[in-house]
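Going line by line, the protein sequences match chains S and E. Position in the first sequence (first residue = 1) + 15 = my numbering. Position in the second sequence (first residue = 1) + 15 = my numbering. For every residue, glycine included, the Cβ atom is placed at its ideal position computed from N, Cα and C. Worksheet: the structure to be examined is printed underneath.
There are 2 protein chains.
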Amino acid sequence: MRDVAIIGIGETEFGELWNKSFREIGIEAGFKAIEDAGITSQQIDALYIGNMSAGKFIEQEHVAPLVADYSGLADMHLPAVRVEAAGASGGVALATGYMAVASGMYNIVIVGGAEKMTDVGDTQALQILSATADQEWESVFGATFPSLYAMMARRHMHVYGTTRENLAAVAVKNHRNGSLNPNAQYRREISMEMVLNAPPVATPLGMFDCAPLSDGGAAVVLCPMDRAKKFTDTPIQILGSGIATDTLALHNRRDICTMDATVIAGKRALHQAKRTPKDVKVAEVHDNFTIAEIMAVEDLRFFEKGKGGAATEEGLTALNGEVSVNTSGGLKARGQPVGATGVAQAIEIVRQLRGEADKRQVDDATTGLIHNVGGTGATAVVHILERGD
Amino acid sequence: MRDVAIIGIGETEFGELWNKSFREIGIEAGFKAIEDAGITSQQIDALYIGNMSAGKFIEQEHVAPLVADYSGLADMHLPAVRVEAAGASGGVALATGYMAVASGMYNIVIVGGAEKMTDVGDTQALQILSATADQEWESVFGATFPSLYAMMARRHMHVYGTTRENLAAVAVKNHRNGSLNPNAQYRREISMEMVLNAPPVATPLGMFDCAPLSDGGAAVVLCPMDRAKKFTDTPIQILGSGIATDTLALHNRRDICTMDATVIAGKRALHQAKRTPKDVKVAEVHDNFTIAEIMAVEDLRFFEKGKGGAATEEGLTALNGEVSVNTSGGLKARGQPVGATGVAQAIEIVRQLRGEADKRQVDDATTGLIHNVGGTGATAVVHILERGD
């Protein structure tokens with residue numbers, strides 16, 4: 016298999032984009048990535064699109080040819096494939112695009128992700144999100160997405176002594192990082208008090224413990240490493256790519272304080288990359304809820320199981336801490352247009368490794384990690400990136 | 016890239032399976048394929064699942080880990096990826112699984128497809144199917160899936176003199192083939208008169224011009240060609256795999272009598288396989304409507320453009336005709352559980368090439384072709400198969 020590089024990145028703003036349609040979002044992200052890569056659209060060999068629920072949010076399935084079409088590429092009749100893995104759709108698209116280039120099947124591949132979530136009401140959006148958990152054993156009985164994460168939080172607090180303040184520290188940190196990111200949906204700092212006093216969503220999780228609903232798109236351009244230098248001085252190599260799955264239903268898991276899919280996907284990616292968690296200086300992890308980031312930094316072995324909350328409150332995951340986590344603001348502050356999330360995470364790590372992250376630049380950003388989760392952890396995808404020059 | 020073989024096949028019955036859930040269907044197909052391949056589940060490296068709209072039919076997204084979970088594979092935390100390309104979801108899953116093995120990333124891969132369509136009413140099912148056409152330019156104005164195909168039929172009749180009887184001949188032939196297939200949803204022959212006198216759905220298409228709504232699942236097992244002989248005496252090699260896309264909306268097409276995506280996907284697959292249309296002895300093509308099969312046999316270059324209807328009525332596509340088309344009964348008679356369709360097509364061609372098609376066995380089944388379409392032709396996938404021994 017060939018080495019693969021990311022040579023271009025592009026994203027829309029994330030937020031409630033009521034003046035932009037799904038197709039406009041997809042095109043904008045793609046065009047920006049193409050421009051950033053300095054390729055022409057004639058050079059593109061294939062598209063991989065991550066999208067969770069366009070069928071339900073905008074009544075449109077079959078969105079991969081749609082994106083190709085509206086990007087003016089219809090005449091090329093490109094292979095265009097949509098993948099779906101709930102919140103991990105973007106990460107799985109990246110893994111599939113990576114495989115397409117690594118295999119030698121295609122040379123230049125666009126990996127895009129997009130979601131348009133705010134055209135439906137909040138209640139309907141919540142129902143749509145809950146369809147990524149186990150419909151027959153969870154959602155049908157009224158278990159919502161936040162309530163399932165709340166159960167993990169309760170259990171984590173019970174078993175490891177994780178505190179409400181530990182959870183809140185995730186939100187405070189990610190909003191601080193988001194305030195330094197001009198593309199973030201929320202660019203205001205929040206205080207610990209604000210998080211602790213916010214209205215409850217599913218106790219112990221309050222409003223500021225939950226990532227928002229967002230519209231947005233993100234795209235990256237991949238090519239073989241040995242051709243990357245033709246396009247850019249700072250190709251970013253994908254050193255490792257791991258996907259793992261688990262049961263949909265929480266009650267079937269070995270332990271709901273650990274996402275085994277994250278553990279395994281992380282090991283697979285790090286093993287392929289020949290790196291250890293200690294090598295990782297900057298990471299975008301899946302913080303759809305504050306408890307999710309705490310579990311992620313443990314399951315990715317940045318910290319011992321049970322110590323992730325304290326480590327966060329101590330600032331070890333802050334900008335230029337031991338490992339800088341969610342410098343973009345994460346899903347919490349950068350926003351969470353579901354299908355775009357995994358690709359947007361890649362973009363942030365590319366910016367960090369290129370040294371283009373401006374006010375939120377990590378000093379020694381040598382090795383980066385991306386961690387994208389679907390549902391309540393039934394899918395996890397991890398990628399390891401480094402500068403390839 | 017490595018050569019890839021299909022070493023196992025498995026399918027459920029197709030029909031209105033009110034006593035089986037989506038997850039039961041997925042498991043049954045997978046287990047049968049695993050048993051047919053003679054592998055153990057411990058040998059599986061990854062799953063690729065084709066599914067169109069479980070999010071809408073059964074309110075369940077994220078179905079790839081679900082299938083892994085309910086197949087008892089959760090402990091292996093396998094990479095499991097759902098792909099969606101409307102009616103071509105199964106074919107795109109096969110193409111992606113092919114790439115996964117060809118790349119060297121995985122050795123043993125299950126490609127599955129499943130759909131559970133009859134848990135919703137017919138009107139809702141029609142709306143769900145119509146979401147695979149262009150929502151903003153077609154479906155929202157009331158254009159249904161059959162009406163879009165009816166427009167193609169009208170135009171084809173106008174330009175090429177294709178007759179109502181030509182269309183009907185597709186249904187008659189495919190029901191005859193279906194009567195020989197114990198797994199088909201409809202196993203009764205129908206007469207030309209029955210087709211012509213059936214109630215109209217979208218004129219000129221009547222009830223017997225349309226494939227049914229179905230529940231069902233299908234799965235195949237892939238492995239590298241050089242290991243295939245360990246598992247089976249009759250490995251079936253995938254010689255070519257082509258995906259192509261086109262505009263979602265019909266009005267943006269160059270010509271609605273041709274599916275350019277089919278033309279291009281066919282050329283890509285045949286080019287890779289180093290075969291010509293003349294080499295193909297048996298083909299499963301996407302006959303969701305009778306006009307679709309006529310266009311397919313032209314666009315795949317079995318017959319000149321405009322001659323597909325007459326060729327069908329003359330029997331050139333009948334069992335042991337010039338090219339035996341839809342020996343399974345096709346979508347029309349075998350049934351059309353959307354996400355499973357592309358995989359079920361592969362299974363029929365594998366049976367033919369193995370010489371296991373019993374009463375519908377084609378005499379000189381040397382080279383087989385699979386053609387799977389999404390929406391009204393915005394995605395097409397073509398695979399070329401031959402015996403690998």
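For chain S, find out if any of its Cβ atoms is closer than 9 Å to the Cβ of residue i; answer yes or no.
| i | result |
| --- | --- |
| Lys245 of chain E | no |
| Val71 of chain E | For the record, residue 71 of chain E in the displayed sequence is Lys; it is not Val. Yes, contact with chain S. |
| Met310 of chain E | no |
| Asp378 of chain E | no |
| Ile258 of chain E | yes |
| Met207 of chain E | no |
| Ala95 of chain E | yes |
| Leu261 of chain E | According to the sequence as given, residue 261 of chain E is Asp; it is not Leu. Yes, because at least one Cβ of chain S sits closer than 9 Å to the Cβ of Asp261 of chain E. |
| Ser86 of chain E | no |
| Ala89 of chain E | yes |
| Gln360 of chain E | no |
| Asn267 of chain E | yes |
Can you have a look at residue i and say buried or exposed, based on whether 16 or more other CB atoms are within 10 angstroms of its CB?
| i | result |
| --- | --- |
| Asp224 of chain E | buried |
| Ser206 of chain S | exposed |
| Gly281 of chain S | buried |
| Gly53 of chain S | exposed |
| Lys293 of chain E | exposed |
| Val185 of chain S | buried |
| Leu366 of chain E | The question names Leu, but residue 366 of chain E is Arg in the sequence shown. With 16 or more other Cβ atoms within 10 Å, it is buried. |
| Glu371 of chain S | exposed |
| Gln176 of chain E | Going by the sequence as given, residue 176 of chain E is Gly instead of Gln. Label assigned to Gly176 of chain E: exposed. |
| Lys374 of chain S | exposed |
| Thr327 of chain E | buried |
| Gln75 of chain S | buried |
| Thr55 of chain S | exposed |
| His171 of chain E | buried |
| Asn212 of chain S | exposed |
| Gln200 of chain E | buried |
| Asn34 of chain E | exposed |
| Arg179 of chain E | buried |
| Lys245 of chain S | exposed |
| Val210 of chain E | buried |
Output yes or no for whether 9 Å exceeds the beta carbon distance between residue i and residue j.
| i | j | result |
| --- | --- | --- |
| Leu368 of chain S | Thr249 of chain S | yes |
| Met132 of chain S | Ser104 of chain S | no |
| Ala348 of chain E | Gly193 of chain E | yes |
| Gly464 of chain E | Ala44 of chain E | A question about residue 464 of chain E goes unanswered here, because the residues of chain E that appear run from 16 up to 404. |
| Gly383 of chain E | Val295 of chain E | yes |
| Ala264 of chain S | Ala168 of chain S | no |
| His266 of chain E | Ala100 of chain S | no |
| Ile253 of chain E | Leu400 of chain E | yes |
| Gly392 of chain S | Thr277 of chain S | yes |
| Ala226 of chain S | Gly350 of chain S | yes |
| Ala361 of chain S | Ile49 of chain S | no |
| Val216 of chain S | Ala146 of chain S | no |
| Pro239 of chain S | Arg17 of chain S | yes |
| Ala61 of chain S | Met114 of chain S | no |
Counting only C-beta atoms, is residue i closer than 9 Å to chain E at any point?
| i | result |
| --- | --- |
| Met132 of chain S | no |
| Asn109 of chain S | A quick correction: the sequence has Leu, not Asn, at residue 109 of chain S. Chain E, which has no Cβ nearer than 9 Å to the Cβ of Leu109 of chain S, makes this no. |
| Glu313 of chain S | no |
| Gly105 of chain S | no |
| Gly127 of chain S | no |
| Met67 of chain S | yes |
| Met240 of chain S | no |
| Thr273 of chain S | no |
| Gly389 of chain S | yes |
| Ala115 of chain S | yes |
| Ser56 of chain S | no |
Throw me the rounded Cβ distance for the residue i and residue j pair, which I believe falls under 8 Å.
| i | j | result |
| --- | --- | --- |
| Ser118 of chain S | Ser36 of chain E | Not quite, the Cβ-Cβ distance comes to about 35 Å (not below 8 Å), so this is no contact. |
| Lys188 of chain E | Ala288 of chain E | Actually they do not touch by this definition, with Cβ atoms about 26 Å apart. |
| Gly65 of chain S | Gly257 of chain S | Going by Cβ atoms, the distance from Gly65 of chain S to Gly257 of chain S rounds to 16 Å, so no, they are not a contact pair. |
| Glu130 of chain S | Gly354 of chain S | 4 Å |
| Thr342 of chain E | Val377 of chain E | 6 Å |
Check whether the Cβ of residue i lies closer than 8 Å to any heavy atom of the ligand SAH, and answer yes or no.
| i | result |
| --- | --- |
| Thr249 of chain S | For the structure depicted, the ligand SAH is absent and the ligand set is empty, with no information on it obtainable. |
* Asked: Taking one C-beta from the stretch 157-172 of chain S and one from the stretch 83-101 of chain E each time, how about it: are there three or more such pairs within less than 8 Å?
  -> By the Cβ criterion, the stretch 157-172 of chain S is not in contact with the stretch 83-101 of chain E, since fewer than three pairs of Cβ atoms, one from each stretch, lie closer than 8 Å.
* Should the stretch 229-244 of chain E be called in touch with the stretch 21-32 of chain E, which here means at least 3 C-beta pairs below 8 Å? -> Yes: the two stretches touch, three or more of their Cβ pairs being nearer than 8 Å.
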